[in-house]
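Enquirer:
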Amino acid sequence: MIDDAETHVHPHPGAARLRATAAALLEGSGVAITDLRACVLETLAEADRPLSAYDVSEAVSVRLGRRVVANSVYRILDLFVAHNLAKRIECRSAYVANVHPDCAHDCIFLVCKACGAIDHLDDDLLAQTIRGHAADRGFVAARTVLEIEGLCHRCNG
Ligand SMILES: [Zn+2]
Ligand SMILES: [Zn+2]
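Going by the numbering used here, the sequence shown opens with residue 65, and the numbers climb by one from there.
#1: Assess contact between the segment 137 to 146 and the segment 178 to 196, defined as three or more Cβ pairs (one per stretch) separated by less than 8 Å. Is contact present?
#2: Does DSSP put R152 in a helix, a strand or coil?
#3: Tell me whether T98 is buried or exposed, calling it buried when 16 or more other Cβ atoms sit within 10 Å of its Cβ.
#4: Roughly how many angstroms separate the alpha carbons of E122 and V132, rounded to a whole number?
#5: With hydrogens ignored, establish whether the beta-carbon of R218 is closer than 7 Å to any heavy atom of ligand 2.
#6: Using 7 Å as the cut-off, classify the Cβ of L185 as near or not near the heavy atoms of ligand 2, replying yes or no.
#7: From this set, C179, C103 and R207, which residue's C-alpha is nearest G44's C-alpha?
#8: Closest by CA to A88, which one among L189, D166 and V204?
#9: Classify H197 as helix, strand or coil using the three-state DSSP reduction.
#10: Is C155 near ligand 2, with its Cβ less than 7 Å from a heavy atom?
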């Protein structure tokens, strides 16, 4: 098996590993991984679809046994996105845990309009090509949004 950008896979890390990775990434900015932050990250990681800040605040409130408002969750989600721990799915205004927090990719998300499930792939060559086209026009790309809406293999049968 060739270990290049197109074939390398990112299995989902377990909760303990996720927390350790999050702690390491946040530490660089002087931010601690609190129980609330860890709980938000675990909730995202265990979900089978992207979650809105409201979805996360509901789930986290139940898990922690106290009311956590969506505003607090928004701040944490922004922090996670800034540190590559979570990705925002723009067409859903929702978030997923980043399965490769140690790796920078312009992720390509496949979003099922029927069941809401999300699939994810990385094609660095394609992403570089898109960024290159922007650069050719003198445009400095900060962030790309690569999302495809449609029907997943379970829903299109
Ligand atoms: Zn990716
Ligand atoms: Zn589907």
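Note that the Cβ used here is the ideal one computed from N, Cα and C, for glycine as well.
What you are looking at is a predicted structure, and each value in this text was computed from that prediction instead of being measured.
Expert: Inspection of the coordinates gives the following:
#1: Contact fails: fewer than three Cβ-Cβ distances are below 8 Å.
#2: Looking at R152 - three-state DSSP - the assignment turns out to be strand.
#3: Taking all protein chains in view, the Cβ of T98 is surrounded by fewer than 16 other Cβ atoms within 10 Å, so the residue is classified as exposed.
#4: Between E122 and V132, the alpha-carbon positions lie close to 8 Å from each other.
#5: It does: the Cβ of R218 is within 7 Å (strictly closer) of some heavy atom of ligand 2.
#6: Every heavy atom of ligand 2 is 7 Å or more from the Cβ of L185, so no.
#7: Past the edges of the chain, shown from 65 to 221, lies residue 44, and the structure says nothing about it.
#8: The shortest C-alpha to C-alpha distance from A88 to any of L189, D166 and V204 is the one to D166.
#9: Residue state, collapsed to three classes: helix.
#10: Not so, every heavy atom of ligand 2 lies at least 7 Å from the Cβ.
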